[in-house]
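Here's the structure, in structure tokens; my notes come after.
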Amino acid sequence: MHHLNYQHLQYFWTVAREGSVAGAARTLGVTPSTISVQLRLLEAQFDQQLFERRKRGMQLTEVGRVAFRYAESIFSTGEELRDFLRGRRAGQPLRLQIGAPNVFPKHVTWRLIEPATRLDEPCHIVCREASQSELIEALILHQIDVVFSDTPLKTAAGTRLFHHLLGECDVAFFAAPSPTDRLRDGFPASLDGADLALPTVGTEMRRSLDAWFTSVGVRPRIAFEFDDLALLKVAGAHGAGAFPVPEIVADEVMRQYNVRRIGRADGVRERFYAVSAERQIAHPAVVAIASGARELLA
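Residue numbers for the sequence shown follow this note's numbering, beginning at 10 and rising by one.
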């Protein structure tokens with residue numbers, strides 16, 4: 010076989026994605042006959058039939074499905090490179106646009122971002138906070154480079170996003186100084202009937218904690234629920250109740266809010282993801298974030 014003709018392969022890949030020669034022709038801005046000729050040449054080079062022509066469109070053969078997987082990897086990677094280079098103009102500094110859901114802990118956001126501030130090349134960092142659905146849309150449209158999340162994002166069928174696990178850590182409870190000693194003794198049984206300030210129902214941490222309360226046989230009083238985890242900490246520091254915090258930011262939280270550690274919720278783990286449109290992380294700042302997270306969350 011001679012060297013692979015990537016133009017032929019791109020035409021094949023586009024037909025497979027669009028489901029028809031006509032659809033591929035519209036996407037590529039060429040005539041259907043041009044597409045058909047390119048497909049025949051590729052099949053001749055492979056000496057294999059790649060499509061079965063049917064009334065409802067083009068259906069991949071078994072060999073065609075294998076070829077499509079390779080083509081998908083080749084051209085998706087090329088698109089990622091194009092999108093990355095599009096954001097780099099000659100002479101301009103590296104730029105990273107990060108999305109963080111409203112419910113994502115702000116202390117954690119900063120700890121994850123911090124390694125990107127120590128790159129040899131200066132990096133201009135923009136951090137946007139919005140709802141999960143808004144951030145998904147921005148990511149799909151390449152308006153941001155990466156989204157932090159504590160749970161895999163739910164996307165529409167056919168949407169191509171990749172979840173890169175940065176790491177995970179334990180979760181512990183903290184409280185204002187006055188009730189700390191009482192709650193620390195006999196923890197976690199001491200939480201039975203105790204006032205708590207928790208994330209709202211539906212968040213990943215809340216689901217994990219509700220299951221943990223059941224497993225250890227306690228029924229605390231849920232005095233407050235917050236979407237904003239910064240406000241949750243402020244309320245807890247002012248005596249609203251004990252509250253949960255990922256262990257990786259425990260020192261900062263105790264120092265900033267003058268609270269004390271009560272105990273660890275054994276078995277409750279907080280996971281952190283970097284969600285991107287890239288199968289492989291390529292942006293230097295995101296590479297630094299992922300590397301730093303592995304050390305932070307080891």
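Idealized CB from N, CA, C, for every residue including glycine. From a predicted model like this one, the values you see are computed outputs, not experimental measurements.
Straight across, the Cα-Cα distance linking Ala291 with Ser285 is about 10 Å. The shortest C-alpha to C-alpha distance from Asn14 to any of Asp179, Arg35, Val243 and Leu50 is the one to Leu50. Within the same chain, and ignoring the five residues on either side of Pro293 in sequence, the residues whose Cβ sits closer than 8 Å to its Cβ are Leu103, Leu128, Glu130 and Cys132. DSSP, reduced to helix, strand and coil, places Asp275 within a strand of the structure shown. Counting only runs that start and end inside the stretch 173-213, the beta strand (DSSP E) elements of at least 3 residues fall at 204-208.
His133 sits in a strand when the DSSP states are folded into three classes. Secondary structure of Pro293 (DSSP, three-state): helix. The C-alpha of Gln289 is placed about 17 Å away from the C-alpha of Ile107.
If you look at Phe55, you'll find it in the alpha helix (DSSP H) that goes Pro41 to Phe55.
In the DSSP assignment, Ser142 falls within the unbroken alpha helix (DSSP H) covering Gln141 to Ile149. By the criterion of a C-beta distance shorter than 8 Å, Arg278 is surrounded in its chain by Glu177, Cys178, Asp179, Val180 and Ser217, once the five residues flanking it on both sides are discounted. Residue burial is scored here from C-beta neighbours: Val75 has fewer than 16 other C-beta atoms within 10 angstroms and is therefore classed as exposed. Remark: C-beta atoms of Ala307 and Ala283 do not approach each other more closely than 8 Å. By the C-beta criterion, the stretch 154-161 is judged not to be in contact with the stretch 235-243, since fewer than 3 inter-stretch pairs fall below 8 Å. In this structure, the CA atom of Arg26 is about 48 Å from the CA atom of Ala259.
Minimum Cα-Cα distance from Glu256 among the listed residues Arg137, Phe182 and Thr209 corresponds to Phe182.
Secondary structure of Leu240 (DSSP, three-state): helix.
Short of 8 Å from the beta carbon of Ser140, and not among the five residues preceding or following it, lie these beta carbons of its own chain, in chain order: Pro110 and Asn111.
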